[in-house]
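Only one structure is covered here, and it is reproduced in the block below.
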Amino acid sequence: MTKWNNEAMAMAVKDVENGVSVRKAAEKYSVPKSTLSDRLTGRVEAGKSWGNESQLCMEDKKQLIGIATERAEMGTRWALASRKVRF
C-alpha cells in the first residue's frame with residue numbers, strides 16, 4: 001500500500017520539469033525518489049500497476065468464492081479436476 005497519492009506525485013513531476021532536483025521534489029512531496037524517477041523517464045506510466053490482469057470478472061470471482069466457502073463449511077474438498085482453476 002502506498003503512503004503517497006497521485007496528486008503529490010504529479011506535483012513532484014511538475015517541480016522536476018521546472019528545474020527542481022528529483023531528490024528535493026521527492027522529499028518535498030513525500031514520494032519515493034525511485035518511483036518519481038521511473039515516472040519521469042517513462043519506465044512506469046501513471047496509473048499502471050505491476051502484475052497480471054485478472055482473468056475472471058468480479059461476478060465470477062464472487063461465485064467461485066461462494067462455492068469454495070460452502071465447500072469449506074461442509075468440510076468437502078474440491079474435486080481434483082476443479083483444482084485447475086487459476087486466478
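Residue numbers (full-length UniProt numbering): 1 to 87. Note that CB positions come from ideal geometry on N, CA and C, so glycine has one too. This one's a predicted model, so the numbers in the text were calculated from it and none came from an experiment.
Beta-carbon spacing of residue i, residue j below 9 Å
i	j	result
A8	S30	yes
Identity of the residue in the options nearest residue i by Cα
i	options	result
L40	K61, K24, V16, E59	V16
N5	L36, R23, G19	L36
Where residue i falls, given that 16 or more other Cβ within 10 Å makes a residue buried
i	result
A25	buried
A46	exposed
A68	exposed
For residue i, the three-state DSSP class (helix, strand or coil)
i	result
G66	helix
N6	helix
CA-to-CA distance, residue j to residue i, given in whole angstroms
i	j	result
D18	S34	A small correction: the amino acid at residue 18 is Asn; Asp does not occupy that position in the sequence shown. The alpha-carbon atoms of N18 and S34 are separated by roughly 19 Å.
V22	K3	18 Å
K61	A12	37 Å
V20	R71	58 Å
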